[in-house]
Structures are given as structure tokens and as C-alpha cells.
Amino acid sequence: MENELVSALITQFPELEGKVTVSKPMRVSVDWLPQDLFLKVIYWLHDEQKLTKGHNVIGTDEGENLGFIYMISGPDQVIVILRTTAPKSDPRVPSLSGLYKSFVLFERELCDLFGAQVTGLPSGPRYPLPDNWPKEQWPLRKEWKPENFDRQTMTYHEPAQPAATTADPQQAAVEAKTEALLETVELGEEAKTATAYVNQPLPDAAAAKPPAPAHPEGDNLITVPIGPQHPSLDEPSTFTITLEGEKVEGAVIGIGYNHRGLEKACESRTYVQDLYIIERVCGICSHAHTTAYCMCVEQLAGVTVPPRAEYIRLIVGEMERLHSHLLWLGVAGHEIGFDTLFMMSWRDRERVLDILTVLGGNRINYGINCLGGVRRDIDPGLAQDILKTMDFLETEIEYYLKLAETDSTLAARLAGVGVLSKADCLLYGAAGPVARAAGIADDVRQIEPYGAYRDIPVRVVTDDHADVFGRTLVRIKEMLESIRLIREALRLLPEGPLTVRVPRRIPAGEAIIRVEAPRGEDLHYLRATGTDMPDRVRVRAPTECNWHGMQHMLEGGYLSDVPITIAAIDPCYSCTDRAISLTGHSSLSGEVLDWKQLREYSLQWYRQRGVDPSRIDVSDAAARAD
Amino acid sequence: MDLIKKAIAWGSRKSPWVIHFNAGACNGCDIEVVDALTPRFDLERAGVIKQGSPRHADVLIVTGAVTLQVRDRLVQIYEQMPSPKFVIAVGACACSGGIFNGCYCVSGGVNTVIPVDAYVPGCAVRPETLIAAVTKLLDKVEAQTAAADGQLPPGPEAEPTPAPAAAAITDQDGGERHGK
Ligand code: SF4
């Protein structure tokens, strides 16, 4: 498949001769191209070759230039890697979000983190940096050093330059002044559109003043801000939901609250240290992330992981899927007011965590993976325990399946909610159970088997409901499949060592690895330069793909279905808990009243109605406490 | 009105209502917080109920290293809570920034932003540790209540954990808000 694509590319674009390589099975890598040629190639691949799935866009710092690496794939699932550059002095690159809807967030990242000007990018809340991030600070550029950034004042201080001998201080002062003047000079029209989103109001304030075009009629519409506080099992996020009556007319999703700057941190730590950071990208899919990261490093170092380690990775990976899906089932139950299901499935989940504790020593972030293998062995006694637990879980999960298929309340609450059709899934690049529930057999374990999945093929579970009900069935059935895989792996578990040695310095090169996390495809990019620290680490978690279809899923639904729709992509969100922003009476400024102001407001309210609350002693006491 | 004060003190001791805020955690600690409320651990035995709104809560459980984006929101949530209020920092991240300390978008531990009453270490914390922390906090509340002899149990206002010099809250009385 790869070679056909390569020859087709070269026939169409003779100038690509020698620039296209099959870097490994399922990967076609194209060298750096000038922007005009790059555009021609990507449009041709999209239109003629039907490479319509956008996986990722990665920004890199190439010294004088900014690099942009695009990953796309088509029906045969081969990932094509295209690259282009733009000079840092004029970092313009056209937006491809019209071609690949899923690129919007990635391109926003290019703007925020690298200072690229992506022309034609639709406006929206900024991502992923904080709203009050200083202008012209691009943290992922190599020259930007976190230690020079003052987080309290949000200012960046250039490190004091060792005094150049010839520099004339007066001259320098003049230059600095000129530069400051130049900075205030108006940006060109194009640059303005590219950076326009920076000036968008805060998500909270946007709640009070939603973007005007979303609802021309105005008066009948109510805007409900949700978040960022909720019993978040995933990132805190805001949802600004515009309602007409009970119906959702529009939704604006604001994320980025959880942006910690891990990718930058990885660049200044060694490969071994990074493993622990990568493990903490997400506490629920920690094993999937470390598996992908380890596979990247192992590929670049050219080592082969011992088979026993591959099997243990599979077993832990499937246990992670079990506990993640049980967690999801509970949250889904909670969202629709079925708390019994919540308690039951979380009770069962504890059994999985018990095994992981015995194996890794910790309930969460169990750290089984290490570079070149796994850290702990499964001894026969533990294997017996695992099998017993699997028997127990199988009966429980079969019961949940029966419940989901027959319970009329569940069906009534889940069927037809949050529909994302097959075509839309493809358009928005949905991944994991969301895509599989729409009938797309998209499972990395089958498309591109890695590790022990090569020996134990996965039976991919799909469904064609394309709604929350379908996603529930897919997840429950996947758990049964996981149990089968774990049993099979324990039966076939080969003898042998657990690790191989991985050198401290990793030879130069780049690796693109995908694994199937519980929520879908997890794509890691790693670039090494021959030192003991990576040059660039990019983690594209599955949730990042599924956000794109969210807005579409919410629109047209009912407010009461919003929580379950959001939860159904498994960011585990509950709306029962949210920050209530009480807006000031006179203005719609979006100002949140603090406790004291709220008390004053209520006292006034009562006074106007002839009650004098100040005569009640407790309020006095509270005032003192205040 | 001694009775009312006593009732409030008794209420915070016997049934603290908690809210949980993820200030940039990896989720590890968040699921453990929820875990503590599920059948195996059942923190509800201690009267703890998870609440949705900060306006109804006595205890704020914060997980995660505080990212710059949530920093102001965390202060807002803290200020929306009625006194007496308590803050528990859950997990290595919330205690000190943990593994994320030094990342460019991380402010550090929770105590760089709001006063903290209890620190629960662990990455991720185990639910048992969390239960121990909550019960210890409740004992502390009770001891303070007893000492004050029927007075309102003093909140962080009475015995604030010294926040670092550049803390976001300038005014311990919760009046002034950290500017946007
Ligand atoms: S302390 Fe550890 S488990 Fe908890 S949020 Fe931080 S990184 Fe995650």
C-alpha cells in the first residue's frame, strides 16, 4: 500500500523524486517542502487519493524557521507525513481547517505555542495558553526558557546578556525604544485575522456575551455557562451553551485549563525522566501514554522488547481499558441519575485496581513500563488472582450488558442522544468508541497491531447506533473483549527476560507511534538528536480528536442531555457540579459576586421588602467571621 | 443566638459538604477523590457529601498543580464559599506542584494561591490517605470549636496558613479579589 502511494505521488509530482520515503510500515514520510508545493500535494492527496482523516499537526522549531508537520491518512490507514516551513520573521502558514475539520485545535496550538500566523483560521477561544498570557511569548520556541518567565506578573525577562564589549549603552537604549515603538505599529490586515482570537473575551465573560452571530433573534435565547469547576474526572473546561427553551442552539467549548506545559518540560529532561512525566499526562490512560512513548524511544534506539514484556504490556493495557470503561459506565450512570449503576461499577472497578496495586505498587500511575520493557513480572500466583478476578468481572459485565440492552429507562435516556453519524465522525476525525459506535472499525490494535497484539488478534467491537446508547454498548462489549485478551495473554505468556538495555543517548531520528488508549487513538511523536534529551515530544491524546465533534453533537439536543452527551466521549464530565456565576444585577458584565457581595445583595433585597436582616444575630456573627 | 452558632459548628463537624476542583491535575487524584466516596471506602460514613456548588460547601478539595489559566478561577471559587471554610490540597501536585513544578504554565502548589488547611501527599493519593486527612481536619475543627467554647469554629481567617509573599489573595478577609 505504502509503495503504491509513493509511486503515485512521484508520478503526479516529479519534483518529489527522492523526497518520499517509507520510513517504516504504514508510514510514508515526505521531506520538507516549500509551502506552495506542500499545498498542492496535500490538496491532491485529499481530493484524489481520499486521504481525508487528519491525525495531527505538529509545530517544531527549526532554528531560523518554524516547521509544520502534518499527518493524514486515508482508507488504507497509511499515515502520510507532510512537512513545510515558514521563516520565523514571517511565520505565515495557511489554515487547512477547511480541508480537515480536526485541525482547528492543532492550528490554534501553532499560533499560541510557536507564534505561527495561521491565516484563515476561524476565530474562537484561544487554546491552550491562559487568557492573560502576554503577547508575543511563544513558549515552545527553543529560545524561550521557562525559568525566565515570571508567573506572578506574567512577564518574560530576557536573561541578562553578558555585556558585549563594543555595545554603546546609549545606542542600545535608542534601539530598545525604536523596537518598542515598532511593536505598537499596527499589524497588517492578514496578521490581524490570524491573531484576532487573542482578543476574544474570557470564556467566562463570553458566557454573558456570547458571540453575536450564533443567535440572530436574541431575545428568546438563554446562555448557560458551565464550568470550569465540576467533579472533573478529566480536564476542567467551560461550555457556553445557548438555549432556546430547552433546546441547545449553540455551544462554545473552552478548554486549556489543564495546560501545564509538559512538552516543554520533556525537552529539558532525560528520556528516563520524561517517562514519569508522560505517565502523568493522564492518570486514567497512563499506561497507554507510556507504552506509546516507550515504543518511540525503543524504535529510535533500535532495540527489541522481550516477548514477555510485550505480553505484560498487553495485560496491563487491557486492565487499564477495563478500569477506564467501568469508570465511564459509572459516570454515565451518574449523569442520567442512575447512581446505583455508578456505585456498582465503581465497586467492581476496585477489583481491577487491586490487581494493578499488587503488580505495580500503586493504584493509579502504576508505572509498569520502563524503557526497553516492563518493571514488574506477573508470577503464577498473581496470574491465578487475575484469572479469578476476570471470572468475577465477566459475570458482572454480562449483567451490565443485559441491563443496557433491556432496561427501558436506559434506552429512553440514551438512544438518539448526542448523535454523530458515520459521515460526521469521519469529517471531525472522531476516534475510539465514538467512531466505533458509528460503525467505523477504527481500532489501532487491529489496523496496526503492536506488541503482543500481533499474536493475539483483537475482535473489534462496532455498533451502528451512532449515539450515546451505541457508545455504551461498544464500551461494555469491549470490556468483555478485554477479558478475553487478558485470559489469552496469560495462557500464552512466554518465558524470558523483562527488559533489554536501552542506551542513554538516543540516535537522531523521529518516531511516530500510535496505540489504542481506552478513549481511542493515542499518537506520539518523538524526535531525537543524538543526546540524552528529546528534541520534541508531542502527545496527541484521543480526547483531543473527539472534542471537534462535540459542538456538533450538542447542537439540536436538549439541555438535560448535555451532561451525558459530553460524558459520552469520556471526558467524564458532570454538570451537577458547576461554578454558578451570578452576574451583577445592573450589568451583564459577567462579574462573579464573591460571598461578601452576595450577602450584601441579599440583605438589600430583604430590606427593600421591609425585613431588616441585620437584627438577626447570626448574620452579625457571620459578618464578623467574614 | 448561641444555639445557632452551636448548630453551625455542629453541622460543619458532623456533615462537612465538600466540593472538588481540578486545578490542573492529571486526573489520577481526581478519580481517587471520587473513589473515596464509592462503596469500598465510603467517605459518606464521616458525613461527607459531595456538593455541586461552592456556595453550599464547607470544604474545598483541590487536586493538581494550579495552572495559570485556573488560578483566578480557583480564587473565585474559594471566595464564593461561605465561612467557615477549609481547603484540602490533595496529591503531590496540589501540595507543592509535584512533578509539574517549574512547567511554564504552572503556578505551583495550591498554597501559592489560597490558604490551605490540610496537605495530603501521594501521587496519586490513596483514598485511605484522603479519609485520614478528612477525619484529621474534622478533629481539628472540633478542637478549635471546643477551645473557642461555643464560638463559631474559626476558619482559615483565624489561623491562616502563611501563604507565600506573592499570594494571589491580598486580603485574608476574602474581600479583595485577585485582579484579572
Ligand atoms: S499528584 Fe500525581 S496523580 Fe495526583 S494529580 Fe498530580 S500527577 Fe496526577
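Which chain is which? The protein sequence lines are A and B, in order.
If you want our numbering, it's the 1-based position in the first sequence plus 11.
If you want our numbering, it's the 1-based position in the second sequence plus 34.
Every residue, glycine too, gets a C-beta built ideally from N, C-alpha and C.
In this text, all values refer to a predicted model and were calculated from it rather than measured experimentally.
Reduced DSSP category for residue 461(A) - H, G, I as helix; E, B as strand; rest coil: coil
Nearest neighbour of residue 139(A), chosen from 311(A), 555(A), 370(A), 367(A) [CA to CA]: 555(A)
As assigned by DSSP and simplified to three states, the class of residue 622(A): coil
Nearest neighbour of residue 63(B), chosen from 392(A), 396(A), 373(A) [CA to CA]: 373(A)
Contact list for the region 43-69 of chain B against chain A, Cβ threshold 9 Å: 53, 54, 55, 56, 57, 58, 59, 60, 61, 62, 63, 64, 65, 66, 67, 68, 69
Rounded straight-line distance, which links the Cα of residue 85(B) to that of residue 46(B): 14 Å
Residue 4(A) beta carbon near the ligand SF4 (any heavy atom closer than 8 Å): It is not possible to answer for residue 4(A), since the shown part of chain A is limited to 12 through 637.
Beta-carbon contacts of residue 508(A) that lie in its chain and below 6 Å, excluding the five residues immediately before and after: 317
Residue 297(A) at chain B interface by Cβ criterion, 9 Å: yes
Contact test: residue 1(A) Cβ vs the ligand SF4 heavy atom, cutoff 8 Å: In the structure as shown, chain A starts at 12 and stops at 637, and residue 1(A) therefore has no counterpart that could be examined.
Test item: CB-CB of residue 104(A) and residue 62(A) under 9 Å: no
Backbone secondary structure at residue 485(A) - three-state DSSP: helix
Minimum Cβ-Cβ distance from residue 193(B) to chain A less than 9 Å: With a pLDDT of 44 at residue 193(B), under the threshold of 50, the predicted position of this residue should be treated as unreliable, and no value is reported.
Contact between the region 250-265 of chain A and the region 511-529 of chain A (3+ Cβ pairs under 8 Å): no
Reduced DSSP category for residue 283(A) - H, G, I as helix; E, B as strand; rest coil: helix
Residues that residue 358(A) contacts on chain B, provided the C-beta gap is smaller than 8 Å: 72, 73, 74
Rounded straight-line distance, which links the Cα of residue 88(B) to that of residue 52(B): 8 Å
Residue 333(A) to residue 172(B) span [Cα, whole Å]: 35 Å
In DSSP terms, what residue 43(A) is bridged to: 94(A)
Range of the contiguous alpha helix (DSSP H) that encloses residue 107(A): Counting along the chain, residue 107(A) falls outside any alpha helix (DSSP H), and DSSP gives it neither H nor E.
Where the region 253-279 of chain A meets chain B: residues whose CB sits under 7 Å from a CB there: 267, 268, 269, 270, 271, 272, 273, 275, 276
Classification of residue 89(A) by the beta-carbon crowding that lies within 10 angstroms, buried from 16 upward: buried
Proximal residues of chain A, C-beta to C-beta of residue 160(B) below 8 Å: 374
Residue 520(A), DSSP secondary structure in three states: strand
Among 75(A), 85(A), 396(A), nearest to residue 57(A) - alpha-carbon criterion: 85(A)
Residue 298(A) - containing alpha helix (DSSP H), residue span: 297-312
Chain-ordered chain B contacts of residue 361(A) [CB-CB under 7 Å]: 74
Residue-level contact to chain A via CB, residue 141(B), 9 Å cutoff: yes
The ligand SF4 heavy atom lying under 8 Å from the CB of residue 45(B): no
CB contact below 9 Å: residue 546(A) versus chain B: no
Three-state secondary structure assigned by DSSP to residue 82(A): strand
Contact check, residue 147(B) vs residue 108(B), beta carbons under 9 Å: yes
Residues that residue 543(A) contacts on chain B, provided the C-beta gap is smaller than 7 Å: Ordered by position in chain B, no residue passes the 7 Å Cβ test against residue 543(A), which lies about 19 Å from the chain.
Range of the contiguous alpha helix (DSSP H) that encloses residue 15(A): 13-23
Contact set between the region 128-156 of chain B and chain A, restricted to residues whose Cβ is under 7 Å from the partner: 133, 134, 136, 137, 138, 139, 140, 141
Three-state class that DSSP yields for residue 315(A) in the structure shown: coil
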